[in-house]
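In my numbering, the protein residues as written are 16 to 302.
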Amino acid sequence: MDFANFLIQLLNSVQYGLLLFMLAAGLTLIFGIMGVVNLAHGSFYMIGAYLAWYFTSLLGSLTLAIVLGTVLAVVFGWLLEWLLFRHFYRRDHLDQVLLTFGLIYIFEEMRSIFWGDDVHAVQVPEVLNWSIPLTENLSYPVYRLVMSGVCLLLAVGLYLLISKTRLGMKIRAGAFNREMTESLGVNIRLIHGVVFALGVGLAAIAGMIASPIASVYPGMGSSVLIMCFVVVVIGGIGSVRGALVAALLVGLVDTFGKVLVPQIAGMAVYMLMALVLLYKPEGLFKQ
16 MDFANFLIQL LNSVQYGLLL FMLAAGLTLI FGIMGVVNLA HGSFYMIGAY LAWYFTSLLG
76 SLTLAIVLGT VLAVVFGWLL EWLLFRHFYR RDHLDQVLLT FGLIYIFEEM RSIFWGDDVH
136 AVQVPEVLNW SIPLTENLSY PVYRLVMSGV CLLLAVGLYL LISKTRLGMK IRAGAFNREM
196 TESLGVNIRL IHGVVFALGV GLAAIAGMIA SPIASVYPGM GSSVLIMCFV VVVIGGIGSV
256 RGALVAALLV GLVDTFGKVL VPQIAGMAVY MLMALVLLYK PEGLFKQ
């Protein structure tokens, strides 16, 4: 592998890892802070992708589609937490699994009713539809670099929100000791609503920005859900920093595994997870 090919694969792995972080960050927040096993998290990724396709075809602008889709996804997450999830916080994990597993089928049927079962393509914005030449024969799409930049900015923003703001302090306090936080006058139900809406919004944004390179198709959320749980387990439940490090590691292992050792590429990520759990059963960064 020459340097140009190595650089392309490295950029691909970082882009994939940052996209995984967008998904896994919402999942680790919901799982680690609220204690909800959300198997429907991949469906929010799918919904985001379909919203990007629908609004892009309607408005003619992917940027406007992402802005409008993000607002709708956050509102949808807030309503879903208010109507369903807040009634399951203190219930057994099996009840939560059954609820979210049922939601997967509901979302798939709703997707089929509203948008059909066809595969759709989303056009890359014209201003970003060009490539940076690396050699005479190799180039790298600018849109993938923009994707990585957007994911990185959102990662920094999420870190600052959780670590440096008053809202983040309340979120961390509620995750550590709910009863004590409530006794200090913090509206923990409001905090849980914000966290769930934020998680849904992050997953939807990941689906929207990935739609031009991954296409939009039925069941696309199922393919990323398992990988999200792998990232959460490796990084440590409830740790945003752990989710970022784990997502980048998974991106590197998966991308270079497919190039260097394609025979075992399908299980390379799970071998990494097994190795981490062997020495760090609670993940790389216990929260």
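A virtual CB, placed ideally from N, CA and C, is assigned to each residue, including glycine.
A Cβ-Cβ contact shorter than 8 Å links Thr270 with Tyr31.
At a Cβ-Cβ threshold of 8 Å, Leu42 and Val247 count as neighbours. Among the bridge pairs identified by DSSP, Tyr155 is matched with Ile147.
Leu263 and Ile81 have their C-alpha atoms spaced approximately 24 Å apart. Around Thr150, the same chain offers Ala19 as residues with beta carbons nearer than 7 Å, after the five sequence neighbours per side are excluded. Straight-line spacing of the CA atoms in Leu213 and Leu176 works out to 11 Å. In this structure, the CA atom of Ile62 is about 10 Å from the CA atom of Gly234. DSSP places Ser237 inside the alpha helix (DSSP H), whose first and last residues are Met235 to Gly250. Residue burial is scored here from C-beta neighbours: Ala136 has fewer than 16 other C-beta atoms within 10 angstroms and is therefore classed as exposed. Taken through DSSP and simplified to helix, strand or coil, Val137 comes out as coil.
Per DSSP, Val86 is one residue of the alpha helix (DSSP H) stretching across Leu77 to Leu98. With at least 16 other beta carbons inside 10 angstroms of its own, Pro227 counts as buried. C-alpha of Glu124 to C-alpha of Leu118: approximately 10 Å in a straight line. Taking a C-beta distance under 8 Å as the contact criterion, Gly222 and Ala55 do not qualify as a contact pair. For Ser254 and Pro296, the gap between their C-alpha atoms comes out near 14 Å.
CA-CA distance, Tyr104 to Val51, rounds to 7 Å. For His102, there is no enclosing alpha helix (DSSP H), as DSSP marks it with neither H nor E. Counting the other CB atoms within 10 Å of its CB gives Leu44 a total of 16 or more, which places it among the buried residues. Bounds of the alpha helix (DSSP H) holding Lys185 are Arg181 to Phe191.
Residue environment for Glu194: exposed (fewer than 16 other C-beta atoms within 10 angstroms of its C-beta). Boundaries of the alpha helix (DSSP H) around Lys273: Val255 to Leu275. Boundaries of the alpha helix (DSSP H) around Phe211: Ile203 to Ala229.
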